[in-house]
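Take a look at the structure set out below.
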Amino acid sequence: MRNRLPLASVLSVAFVLAACSPAEPPVSPTPPVASAVAAEPAPAPSAPVAAAAAPAAGPSIDSLVKQFTPAVVTADVSKLAASERKALDKLIAAGKLLEPIFNRQVVADYDAMRAKLAADPAQKNALTYFDIMRGPWDRQDHFRPFTQDRAHPRGAGFYPEDMTEKEYKAWITAHAEDKTAFDSLTTVIVRDGAKLKAVPFHVAYADQLKPAAALMLEAAKLTTNGSLKKFLTSRAAAFLSDEYYQSDKDWMDLDSAVEITIGPYETYEDDLFGAKGSYESFITVTDPTASAKLSKYKKLLPDMEKNLPIPKEMHATRGAES
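Using the working numbering, read the sequence shown as starting at 21 and increasing by one per residue.
In structure tokens form, the structure reads like this:
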């Protein structure tokens with residue numbers, strides 16, 4: 021399902037500090053993140069549909085905004101050690117740096133489009149819906165434009181907006197040496213004069229990724245949890261190289277009260293080839309009581325899998341801990 025709300029606009033960067041203890045009021049180490057949550061979300065389409073190029077057809081902006089209500093996402097961190105709280109603050113700051121990256125991945129001139137709406141007081145509700153949808157296209161209505169007549173670019177902000185699928189494939193055919201870089205999850209395709217060129221994410225988004233990596237390394241020094249320290253160190257390196265394999269393995273081994281998912285993952289924004297990863301971040305604080313209850317089922321998973329009606333070659337091979 022591609023026409024979904026962007027994570028954490030459920031904003032592009034979602035700081036999901038989950039599992040508050042019902043016995044104690046939530047305590048937040050930083051100001052809570054306000055998110056827009058659909059009160060009665062419209063059903064998502066089963067397949068992406070090209071956007072119409074007319075904003076007039078459809079519900080009013082006022083009615084669109086009223087579908088959503090603000091929600092505060094926070095968590096009880098009172099049981100965390102002081103070192104982990106400090107590390108958590110660093111991780112939240114790192115996650116917030118991914119938001120402007122995601123915006124640019126939605127559409128290259130995102131900032132200019134938003135600034136134009138923000139400068140017009142009459143567009144207050146349009147600006148609100150723009151922020152919820154992360155752009156001027158309604159993700160709940162086949163990317164229908166609601167503030168202008170500009171159709172949603174299928175390649176989002178990952179490719180030149182005027183580039184066609186035919187042009188891309190023709191370039192690859194004529195320049196086979198570019199195929200790996202062009203098809204990579206972590207490159208942006210740009211025009212360089214009459215040429216097409218692949219720019220690595222760590223170069224294109226260096227202004228945000230470098231400080232985000234630095235914050236993760238600071239968090240790694242603060243935490244006393246070995247698995248979190250290992251992941252943050254390798255993920256920080258990945259932010260500066262686009263080599264994610266080792267840090268993906270380290271993420272699988274995370275066993276910490278504070279856990280984070282951060283990096284370029286989902287490819288939903290790229291509706292042209294479904295190849296480019298969008299940056300996102302989730303930060304969670306575990307609930308020890310609920311986790312203890314869940315652990316007894318975790319022990320049963322290997323035996324449960326043995327009895328699934330699937331071929332043996334489809335069984336997991338990495339081990340029960342994953």
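Virtual Cβ for every residue (Gly too), placed ideally from N, Cα, C.
Between threonine 148 and valine 85, the CB-CB gap stays under 7 Å. Lysine 313 is not a Cβ neighbour of phenylalanine 178, given a cutoff of 7 Å.
In its own chain, leaving out the 5 sequence neighbours on each side, no residue places its CB closer than 8 Å to the CB of lysine 332.
For serine 98, the closest of Ala139, Pro308, Asp323 by C-alpha to C-alpha distance is Pro308. Residue pairing from DSSP places alanine 218 in a beta bridge opposite Ile209. If you look at isoleucine 192, you'll find it in the alpha helix (DSSP H) that goes 185–194.
Between glutamate 279 and threonine 306, the beta carbon gap of about 7 Å places them in contact (Cβ cut-off 8 Å). Under the DSSP definition of a beta bridge, aspartate 268 lacks any partner. The three-state reading of DSSP puts phenylalanine 178 in coil, since its state is none of H, G, I, E or B. Rounded to the nearest angstrom, the Cβ distance from alanine 218 to threonine 207 is 4 Å, consistent with a contact under 8 Å. Leucine 237 sits close to alanine 256, with the two beta carbons spaced by under 7 Å.
Shown here, serine 103 sits in a helix according to DSSP, grouped into three states.
Nearest C-alpha to proline 220 among Pro141, Ser276, Glu263: Glu263.
Serine 267 counts as buried, since at least 16 other C-beta atoms from the protein chains shown sit within 10 angstroms of its C-beta.
Rounded to whole angstroms, alanine 194 and leucine 292 show a C-alpha spacing of 20 Å.
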